[in-house]
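Numbering-wise, the numbering used here puts 67 at position 62 of the sequence shown, and it's gapless, one number per residue.
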Amino acid sequence: MTPEDTLARIARAVGCPLPARPEAIAAAVERHAANAAARERVYARTHDQLRAAERERDALRAALGAAP
């Protein structure tokens with residue numbers, strides 16, 4: 006099943022009409038892929054920021070002599 010087929014199946018399931026032109030469907034698939042990639046970058050950046058904050062917290066605890 007192609008991404009276009011999947012998109013069409015989902016659109017039918019939720020009652021949302023898709024454009025009939027294949028190039029419009031392909032553009033929608035590309036936008037979806039770009040949005041997914043952008044979300045993944047945000048998740049990765051947020052994860053990195055969380056880990057950095059945890060390292061900073063642990064360093065401060067160690068400096069103050071508290072147990073982690």
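C-beta: ideal position from N, C-alpha, C; glycine also.
Give the DSSP-derived three-state secondary structure of residue i in the structure shown.
{"i": "PRO22", "result": "coil"}
{"i": "THR7", "result": "coil"}
Assign residue i to one of two classes, buried (16 or more other C-beta atoms within 10 Å of its C-beta) or exposed (fewer than that).
{"i": "ILE15", "result": "exposed"}
Practice problem: Taking only runs that begin and end inside the stretch 21–67, name each unbroken beta strand (DSSP E) of 3 or more residues, in chain order. | Solution: none
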